[in-house]
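Comments concern the structure below.
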Amino acid sequence: MHDCDVRRTQHAERRRLEPVDAPPAIVARQLSKVYDGAHHVQALRALDIDVPSGQRVAVVGKSGSGKSTLLNLLAGLDRPTSGELQVGGRPLHELTSNEMAAYRMQTIGVIFQAFQLIPQRTALQNVELPLVFAGLPKNARQQKAAEWLKRVGLSHRLDHHPYQLSGGEQQRVAIARALVNEPQVVLADEPTGNLDSATAGEIVELIKELCDASGRTFLLVTHDTDVGHRLCNRMLRMSDGQLDEVAA
Amino acid sequence: MNMADIIRMAVHNLRFRKARTLLNLLGIVVGCIVLLMTAAGVRGVKEAVRILFDSSETARQIGLVASSYSVVTPPDEAMVVEGEMSPERRERIRQQLEWKWQRENRPDKRWELNDQSITELEKHKKIVSVVPEISVRCRIEVPSRESEDFDADAPPQSISVQAYGADPASGLLKGRLIAGDTGAEEYSEAGLPDVLLDEFTAYQLGYRSDEEVESLIGRPIRLIYESAPPKQRQVFQMLTENWGDLSTGQLAQQAQFMSSIATVMSELDKTSLTEAQKDTLRSLFEPPGQQLKETPSVTLNARVAGVLMEGDSDGIARLFRGHWHEGYGNVGIHSKLANQIFQDVFDQDTFHGAMLTVNSTQDLAEIEELLENQGATTYSAVRIIEAMERSIDESAWVVLGIAAAILLTAGIGISNTLLVSVLERTPEFGIMKSVGATDRALLWLMVCEGAILGFAGALIATLLSFVVGWAGQSFLQMYLEYRLGGEVASTLFRFGPIPIAIVFVVSLTICVLASIFPAWRAAKLDPIVAMQRS
Ligand SMILES: Nc1ncnc2c1ncn2[C@@H]1O[C@H](COP(=O)(O)OP(=O)(O)OP(=O)(O)O)[C@@H](O)[C@H]1O
Ligand SMILES: [Mg+2]
Chain A
-1 MHDCDVRRTQ
9 HAERRRLEPV
19 DAPPAIVARQ
29 LSKVYDGAHH
39 VQALRALDID
49 VPSGQRVAVV
59 GKSGSGKSTL
69 LNLLAGLDRP
79 TSGELQVGGR
89 PLHELTSNEM
99 AAYRMQTIGV
109 IFQAFQLIPQ
119 RTALQNVELP
129 LVFAGLPKNA
139 RQQKAAEWLK
149 RVGLSHRLDH
159 HPYQLSGGEQ
169 QRVAIARALV
179 NEPQVVLADE
189 PTGNLDSATA
199 GEIVELIKEL
209 CDASGRTFLL
219 VTHDTDVGHR
229 LCNRMLRMSD
239 GQLDEVAA
Chain B
4 MNMADIIRMA
14 VHNLRFRKAR
24 TLLNLLGIVV
34 GCIVLLMTAA
44 GVRGVKEAVR
54 ILFDSSETAR
64 QIGLVASSYS
74 VVTPPDEAMV
84 VEGEMSPERR
94 ERIRQQLEWK
104 WQRENRPDKR
114 WELNDQSITE
124 LEKHKKIVSV
134 VPEISVRCRI
144 EVPSRESEDF
154 DADAPPQSIS
164 VQAYGADPAS
174 GLLKGRLIAG
184 DTGAEEYSEA
194 GLPDVLLDEF
204 TAYQLGYRSD
214 EEVESLIGRP
224 IRLIYESAPP
234 KQRQVFQMLT
244 ENWGDLSTGQ
254 LAQQAQFMSS
264 IATVMSELDK
274 TSLTEAQKDT
284 LRSLFEPPGQ
294 QLKETPSVTL
304 NARVAGVLME
314 GDSDGIARLF
324 RGHWHEGYGN
334 VGIHSKLANQ
344 IFQDVFDQDT
354 FHGAMLTVNS
364 TQDLAEIEEL
374 LENQGATTYS
384 AVRIIEAMER
394 SIDESAWVVL
404 GIAAAILLTA
414 GIGISNTLLV
424 SVLERTPEFG
434 IMKSVGATDR
444 ALLWLMVCEG
454 AILGFAGALI
464 ATLLSFVVGW
474 AGQSFLQMYL
484 EYRLGGEVAS
494 TLFRFGPIPI
504 AIVFVVSLTI
514 CVLASIFPAW
524 RAAKLDPIVA
534 MQRS
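Going down the list, the protein sequences come from chains A and B.
The opening position of the first sequence corresponds to residue -1 in the numbering used here, with each subsequent residue numbered one higher.
The opening position of the second sequence corresponds to residue 4 in the numbering used here, with each subsequent residue numbered one higher.
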């Protein structure tokens, strides 16, 4: 089973790497993040990372090591204190707030541990949301959102509100929302952290399936190395704000 | 993100918080209703006052006297006061200079009220009629009660009266009729002219009971005018120059005065006057080629058309022009005929005054100004109407102030609720930002929520105002019909497009202003912090 997975992954990778000079999806140089509030915390220390387009990377590490901090920077939700960060060819450290919003809308999709669905909106409306900001007409939006919900196996739950869905179903909605814009890079922060192990397994399978099918660059942040292994073909360990390659 | 989506999202958010949205709307709606109803009420009351005034012919009349010179403002250089003096004294001297200049620079000719200027005035499309005031002392005769017509055997009854030119088309006369009618509206030279008597004249002639008054209608009547030749009148006018302007009603006195003078002149030698005094009188009253003679008399045969009650019993009439108008007199003949007699018998071609009727009270001010500029002194209800409208406006401002206070409070309430809503929806805004919402999109979203509240508030308020206005009107109608048994002519609340537009603008402005701070808070949220709140 495990072997089979690896083979499939490798196959997918080969197919995707065919244009050999594909630009790296993520490049960080001397990336630092300092939280300077009441307490001074250096969450990232001169971190370097290169993720080629289409690669699936897991960042593992202890709690408080800075994994989420890195992911937030990549997601364009926060800005580095110093250093350079490029995602999909965009220099995030230089973008204006509007460009950053556009970047979040076009280039990336994020899956959060806590799902982050809007409770007053149905599954369909939640998935539709990125397309609203993309300015797509309503019909096209709904069609696309419904399509994605079907792909995550929720075609029978379009009009359900988040509170009417199980944890696993909510995360499926979140996954559909992350992918509905067909982003270059998909980020996930502990996507199974709020789920029981059986459901977590299903979600891992779903993400894997979708990643395989699309060949998108994928960066996963987790403390669970097992999940990391199952989803990704490269693993990095975060410790004390810095990354080290983990041998396969 | 396009506007339609923002609006859709804003509506969605408002609908999701129904109770809060409704409470917010309530504040706005109450404020807007007060605002709109005040505006509509003020308009309705003003309109009602107008209708009330317009329905009274007197209120549409301008009494005019052609007595003053047109006022010309002196040039600045004529009013320079030289020398050092206190400002008060300077002002007094300046006033004197102005008057002096005006005396010295009087136009050669006064504006005269004559046939020509009346025709001119009547051409104005806002002027309905101009009736010159002609009121002349004369004697009337009616056949004795027993005879059908004047006959030599039975001496007629006769009294001295004031005869005036009346306009049979005037609604004022119709209201005063107690018997007969107002006579032919057009004056024709053929046939007997119609005459209107007042009830007291009829009484004095012996027609006292209702039946007797009724029997007077259609009976023949004679008006006998007496006057002096024009030259003598000039002397008389010279003598009475200081008495002020002669009212035409006093012209008859000239005749009496002149005949007294004629008597004195013919028996001058019998008096104990000195020769010098006699010479002075001769030079005055016996101009070369002008012999004093008996006053001529003109007799007008007519028939009684109607009997009128006292003229100024109309309260509004007294209110508006009682200070000028002395009342028409006792015997009315068609103003065209009166005019003709006035000119033929008295050789007079200018009138002392006239009564001018305009289309609507709204035209009063304009026409009055026109007349004043020509050199007439005018009297009308315009100042009373203006004062009334002013006091209506003043009380409206107070109510509008209350409406503003309500709206302001509602605005603060909305600001507060939207702020709470932003705090409550913090995670939602964080999520929206994380999937690509720009700061501006969130800003617009919140402002749009405010705007929708404002718009919906104004819309609901407008519709409710119509309902309240309609209900108020129906109630009033019912009440008045029950109480007075009459119809209500005017509308209590008049909703105009401008007040409605203002209500929408005010409501939208307040709500948008109220939403700006909460919107800014939403736009500036840190998405990470915001999402952690969930
Ligand atoms: N907003 C903040 N202000 C100050 N310090 C912060 C802030 N966010 C994170 N930190 C600190 O930065 C460090 C890294 O935090 P981060 O959330 O990236 O850890 P993590 O690796 O994701 O941990 P976990 O596995 O528990 O999620 C921690 O020591 C944390 O206390
Ligand atoms: Mg974390």
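Beta carbons: idealized from backbone N, C-alpha and C, even for Gly.
Whether residue i touches residue j by CB criterion (9 Å)
i	j	result
A51 (chain B)	L495 (chain B)	yes
L185 (chain A)	L218 (chain A)	yes
G107 (chain A)	L42 (chain A)	no
S586 (chain B)	A169 (chain B)	Outside the displayed range of chain B (4 to 537) lies residue 586 (chain B), so it cannot be described from this structure.
L17 (chain B)	A464 (chain B)	no
A522 (chain B)	L421 (chain B)	yes
L29 (chain A)	L83 (chain A)	yes
D222 (chain A)	E188 (chain A)	yes
V171 (chain A)	P181 (chain A)	no
G332 (chain B)	A166 (chain B)	yes
Q114 (chain A)	N179 (chain A)	no
S300 (chain B)	I227 (chain B)	yes
A81 (chain B)	W114 (chain B)	no
V244 (chain A)	V125 (chain A)	no
V423 (chain B)	R175 (chain A)	no
V37 (chain B)	A390 (chain B)	no
T24 (chain B)	L456 (chain B)	yes
V164 (chain B)	V310 (chain B)	no
M358 (chain B)	D201 (chain B)	no
Where residue i sits in the DSSP three-state scheme
i	result
R222 (chain B)	coil
I531 (chain B)	helix
N16 (chain B)	helix
D157 (chain A)	coil
L115 (chain A)	coil
G330 (chain B)	Note on G330 (chain B): pLDDT 48, under 50, position unreliable in the model; the coordinate value appears next. In the structure shown, G330 (chain B) sits in coil (DSSP, three-state: anything other than H, G, I, E or B).
N117 (chain B)	strand
K31 (chain A)	strand
T420 (chain B)	helix
S613 (chain B)	Lying outside 4 to 537, the shown extent of chain B, residue 613 (chain B) is not represented and no answer is given.
P521 (chain B)	helix
R109 (chain B)	coil
R95 (chain B)	helix
P21 (chain A)	coil
Y485 (chain B)	helix
F216 (chain A)	strand
Y210 (chain B)	coil
L229 (chain A)	helix
L410 (chain B)	helix
N5 (chain B)	coil
P50 (chain A)	strand
S300 (chain B)	strand
D442 (chain B)	helix
A245 (chain A)	coil
V310 (chain B)	strand
V83 (chain B)	coil
8 Å contact criterion, which residue i and residue j should meet: CB distance rounded
i	j	result
L152 (chain A)	A112 (chain A)	The pair is not a contact, with the Cβ atoms about 18 Å apart (cut-off 8 Å).
R97 (chain B)	V84 (chain B)	5 Å
V198 (chain B)	I336 (chain B)	6 Å
V506 (chain B)	A461 (chain B)	5 Å
A183 (chain A)	G86 (chain A)	Looking at the sequence provided, one finds Val at residue 183 (chain A) rather than Ala. At roughly 6 Å, the Cβ-Cβ gap stays under 8 Å, so V183 (chain A) and G86 (chain A) are in contact.
Y101 (chain A)	G74 (chain A)	5 Å
T429 (chain B)	L528 (chain B)	6 Å
I388 (chain B)	F56 (chain B)	6 Å
Entirely enclosed alpha helix (DSSP H) segments - the stretch 54 to 106 of chain A, minimum 4 residues: 65 to 72 and 95 to 104
Any heavy atom of ligand 2 nearer than 7 Å to the CB - residues listed: A:K65, A:S66, A:D187, A:E188 and A:V219
Unbroken stretches of the beta strand (DSSP E), 3 residues or longer, contained in the stretch 132 to 174 of chain B: 138 to 145 and 160 to 169
Every unbroken beta strand (DSSP E) within the stretch 154 to 205 of chain A, with a cutoff of 3 residues, ordered by chain: 183 to 187
In chain order, each alpha helix (DSSP H) run of at least 4 residues that lies wholly inside the stretch 12 to 64 of chain B: 21 to 58
Every unbroken beta strand (DSSP E) inside the stretch 351 to 398 of chain B [3 residues or more]: 356 to 361 and 380 to 382
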